[in-house]
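Colleague:
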Amino acid sequence: MSINIMPIEFGRTYSIKPEPATLLQGTLDLLILKSLVAGELHGLGISRRIKPITTGTFVVKPGSLFPALHRMDEEGWISAFWGDSENNRRAKYYRLTKAGQKQLQAETKRWGRISWAIAQALEAS
């Protein structure tokens with residue numbers, strides 16, 4: 045997975061060349077689940093949604109996205125169905141299930157603990 049970092053300081057934007065990065069396990073799941081809160085999306089729509097909700101920090105490629113979607117469907121966190129895309133093409137759509145909503149809450153809580161702990165570690169002398 046690659047990340048794009050564009051720090052903003054006093055209204056000025058600096059571009060940094062995107063570098064590949066390894067996400068912590070479960071982060072992609074969290075991003076997919078969060079992207080589906082607003083409603084059902086097809087795979088490309090999920091990828092497109094992740095970019096703005098992370099302010100462009102994460103760009104999810106199909107090689108990472110589709111295996112995760114398949115696994116999450118098997119876990120029961122999302123459900124899949126076929127429909128027509130905005131271009132009138134057949135596309136597989138995904139929606140959040142009740143189990144997925146519960147998993148999103150658990151992942152959000154877990155990520156909050158992890159990010160707090162990392163922030164504490166970075167401030168330690």
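Its first residue numbered 45, the sequence shown is counted upward by one per residue in the working numbering. For each residue, glycine too, the CB sits at the ideal point set by N, CA and C. This one's a predicted model, so the numbers in the text were calculated from it and none came from an experiment.
1. Under the rule that 16 or more other beta-carbon atoms within 10 Å means buried, what is R139, buried or exposed?
2. Using C-beta distances below 7 Å, list every residue in its chain close to T141, excluding the 5 sequence neighbours before and after it, in chain order.
3. Ordered along the chain, which non-local residues of its own chain (more than five positions away) have a Cβ less than 7 Å from that of Q147?
4. Which of the three DSSP states is assigned to D117 in this structure?
5. The beta strand (DSSP E) that contains L72, what's its start and end?
6. Do L75 and T98 count as a contact pair if the criterion is CB distance below 8 Å?
7. What residue range is occupied by the uninterrupted beta strand (DSSP E) comprising K142?
8. For H114, count neighbouring Cβ atoms within 10 angstroms of its own Cβ and tell me buried if that reaches 16, exposed if not.
9. Would you kindly work out how many angstroms separate the C-alpha atoms of R154 and R134, rounded to a whole number?
10. Can you tell me whether S79 is buried or exposed? The criterion is at least 16 other CB atoms within 10 Å of its CB, across all chains shown.
11. Could you tell me which residues DSSP pairs with R134 in its beta bridges?
12. With G87 as the anchor, note down where its alpha helix (DSSP H) starts and where it stops.
13. Nearest to G136 by CA position, among L88, G83, A82, V81, is which residue?
Modeller: In short:
1. It is exposed - the Cβ of R139 has fewer than 16 other Cβ atoms within 10 Å.
2. So the qualifying residues of the chain are G120, W121, I122, S123.
3. The beta carbon of Q147 sits closer than 7 Å to those of L77, W121, all from its chain and outside the five residues before and after it, given in chain order.
4. Note: D117 maps to helix in three-state DSSP.
5. In the DSSP assignment, L72 falls outside any beta strand (DSSP E) and lies within the alpha helix (DSSP H) extending over 71-79.
6. Their beta carbons are under 8 Å apart, which means T98 touches L75 by this criterion.
7. Secondary structure note for K142: it is in no beta strand (DSSP E), and the uninterrupted alpha helix (DSSP H) holding it is 142-167.
8. Result: exposed.
9. Distance between the alpha carbons of R154 and R134 is about 36 Å.
10. Residue environment for S79: buried (at least 16 other C-beta atoms within 10 angstroms of its C-beta).
11. Paired residues: D128.
12. Unbroken alpha helix (DSSP H) run through G87: 87-97.
13. The amino acid occupying residue 136 in the given sequence is Lys; Gly does not appear at that position. Ranking L88, G83, A82, V81 by Cα distance to K136 puts L88 first.
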